[in-house]
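Asker: With the working numbering, the residue at position 249 of the sequence shown is 286, and numbering never jumps.
Glycine included, each C-beta is placed from N, C-alpha and C at the ideal position.
Remember, it's a predicted structure, so these values are computed and weren't measured experimentally.
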Amino acid sequence: MIEHAYYVYAVARAVDNRAPYPLPPEGVVPLAPVYGLAHRALLAVVSPVPLAEFEPSALKANLRNTDWAQACVLAHQRVLAALLDDYTFVPLKFCTLYHSEAAVQEMLARYYAALDAALQRLEGAAEWGVKLCCDDGALTAWVEASSDALHTQREAIARASAGAGYFLRKKLEQAALAEAERVAASCTHVSHRRLAECARDVVINPVQSPQEHGHREEMILNGAYLVDDGRWGAFQATLATLEDAYASQGFRYELTGPWPPYNFARLELEQPTRESDPIA
């Protein structure tokens, strides 16, 4: 009777049919070793997991247990983070499971061309995230202080009668809002274009709410950038230049990473045969 499944974290390069660098000591199950299964030049990074916890019905129940699910997610992320220094790899989705070591190797064989091409696209580069946030109050204050057009409208309000002044003030508020929106859109466009010029590939992800990203400002750009190792200095310098140019206007940049290349190595593994199907 089969007691274990095989949890696959990522696919990397094999050297001489083995892992060329050390792998993490344990995976999603404490004390269960992480090791490599090779097929030609590909290496699946795996660890055994008890089928009693990870077969479909048990896994579905376990994922409803917040503590269990969180511990599993964090362990999965730790394995991928540990690979970043030494390996180029394609990260697989959370809880990718196979029935046997042979099934894992069959998957490597079946998707060899796609996995090999994905690794070639990623080699010599790292994924970095840049979030751009805007403090609406600071931006509005900057616009009101720096816009000649708004200054002219304020002078007109000062000369106007009380009745006319009311409508002119409403017009001024609308003009200030429109100018702030224009400046924010310009900052977003320029920032992404300048950073993209330093990157091999880019992905713009949906912006997050303040509740999600943990700051009071509005997020206006959530970019992922695949940056060549040789262009990393230029990418950093470009980001510093943008910060110098836009900080006084109420804009803040947040650099994160390097990350496992989730945004640039999305592969859907179909289910070709019963034995080599992922369990979950």
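1. Per the DSSP calculation, Ala49 is bridged to which residue(s)?
2. For the segment 112-186, which segments carrying the alpha helix (DSSP H) assignment without a break, of at least 4 residues, lie completely within its bounds, in sequence order?
3. With DSSP as the reference, label Leu74 as helix, strand or coil.
4. Which runs of the alpha helix (DSSP H), 4 residues or longer, sit entirely within the segment 229-308?
5. What does the alpha-carbon distance come out to for the pair Pro128 and Leu232?
6. Report all residues from its chain with a CB closer than 7 Å to the CB of Arg253; omit the five preceding and five following residues, and keep chain order.
7. On the criterion of 16 or more Cβ atoms from any shown chain inside 10 Å, does Glu216 qualify as buried, or is it exposed?
8. Arg219 to Glu181, Cα distance in whole Å?
9. Looking only at DSSP bridge pairs, what is Val86 linked to?
10. Any idea if Lys168 is buried or exposed, counting beta-carbon neighbours within 10 angstroms, 16 or more meaning buried?
11. For Ala155, I'd like the list of residues in its chain whose CB is within less than 7 Å of its CB, leaving aside the five on either flank, ordered along the chain.
12. With a threshold of 6 Å on Cβ separation, who are the neighbours of Pro297 within its own chain once the five nearest residues in sequence on each side are excluded?
13. For Arg101, which residues does DSSP report across the bridge?
Answerer: This is what the structure gives:
1. Bridge partners of Ala49: Leu80 and Phe126.
2. If you keep only unbroken alpha helix (DSSP H) runs of at least 4 residues inside the segment 112-186, you get 138-147, 149-159 and 173-183.
3. Of the three classes helix, strand and coil, the one that applies to Leu74 here is strand, per DSSP.
4. Secondary structure in the segment 229-308: the alpha helix (DSSP H) runs of 4 residues or longer, each lying completely within the stretch, are 247-250 and 269-283 in chain order.
5. Cα to Cα, Pro128 sits roughly 24 Å from Leu232.
6. Spatial neighbours of Arg253 in its own chain (CB-CB distance under 7 Å, excluding positions within 5 residues in sequence) are listed in chain order as Pro247.
7. Per the 10 Å Cβ criterion, buried.
8. The alpha-carbon atoms of Arg219 and Glu181 are separated by roughly 13 Å.
9. Looking at the DSSP assignment, Val86 forms a beta bridge with Ala42.
10. Buried.
11. The answer, listed in chain order, is Val127, Ala302 and Leu304.
12. Here the set comprises Leu117 and Pro128.
13. For Arg101, no pairing in a beta bridge is given by DSSP.
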